[in-house]
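Notes follow once the structure below has been shown.
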Amino acid sequence: MSYLRRIGINCFNVLRDIFVAAAERGMKEELARRDGERGGHNLRWFTPDEAVVAEALARVIVPSDEGTPGIDEVDVFGPPATVALDGLVATSPYRQYLYSWGLLSFDVWALKKHGCKFAEMTKVDQIGLFMAAQHINESMAPGASKLARAWWKVRITLVAGYGSLFAANLYPQIRSDCLQVFYTSRVSWVWLDYDGPPMDKGYPNLMERR
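To get our numbering, take the position in the sequence shown, counting from 1, and add 2.
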């Protein structure tokens, strides 16, 4: 590697770190404020601001239409999807980190790109931002090409202030969690004509029928 190229890479890394650190500094102040609100409003972990973003994202991930139930219908036979999602996060420090940074990041990104919070955007714009987070996340994957990873480095430097890095980190987890919440709900079982897991309450006594 030539001397000039090494200098260029070092300068790029310093610039990237400055952008990311600046984004983190402003977000940490808001996260500290939100931490003081946790454990209330009928939710174990989400703050009201986070619950609104989580609900909007869940509707993007598992939408409903005239013939297909979605995340909005989960509460027909159980608690709302946001409550179920909150329960998953409340018991997982790893999720708590991803969700606290990621949900705030979707709002920061939406405000800077569209001038409003994520939940206030049109459904088309919400889908667009969520897909952008997906693309960024996939460009970071180990299997991505060298060209894709190089473009990622340039992109993250340019948009770090939008919070897109943290939104991208949340993408796979919230997608997986929302699908879990939906497909383990009785609404999805009815829709799929599924009776539920056999002996879902266990086997308290093998000699007696339940």
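For every residue, glycine included, the Cβ atom is placed at its ideal position computed from N, Cα and C.
- If you draw a straight line from the Cα of F132 to the Cα of S66, it is about 17 Å long.
- For N171, the uninterrupted alpha helix (DSSP H) segment begins and ends at S166 to Y185.
- With contact defined as three or more Cβ pairs closer than 8 Å, the stretch 104-121 and the stretch 48-58 are in contact.
- Secondary structure at S66: coil, using DSSP grouped into helix, strand and coil.
- Annotation for E75: S66 and V189 place their beta carbon closer than 7 Å to its own, counting only its chain and skipping 5 residues before and after.
- Of all C-beta pairs linking the stretch 76-91 to the stretch 31-40, fewer than three are shorter than 8 Å, placing the two stretches out of contact.
- Three or more beta-carbon pairs drawn from the stretch 134-143 and the stretch 166-181 are found closer than 8 Å, and the two stretches are therefore classed as touching.
- Annotation: L181 to V64 spans about 7 Å, alpha carbon to alpha carbon.
- Taken through DSSP and simplified to helix, strand or coil, S94 comes out as coil.
- The Cβ atoms of A112 and A83 do not sit closer than 7 Å to each other.
- Ranked by Cα distance from I129, the options V62, I73 and T93 are led by V62.
- By the criterion of a C-beta distance shorter than 7 Å, S94 is surrounded by no residue of its chain, once the five residues flanking it on both sides are discounted.
- Rounded to the nearest whole angstrom, the CA to CA distance from D179 to Y101 is 11 Å.
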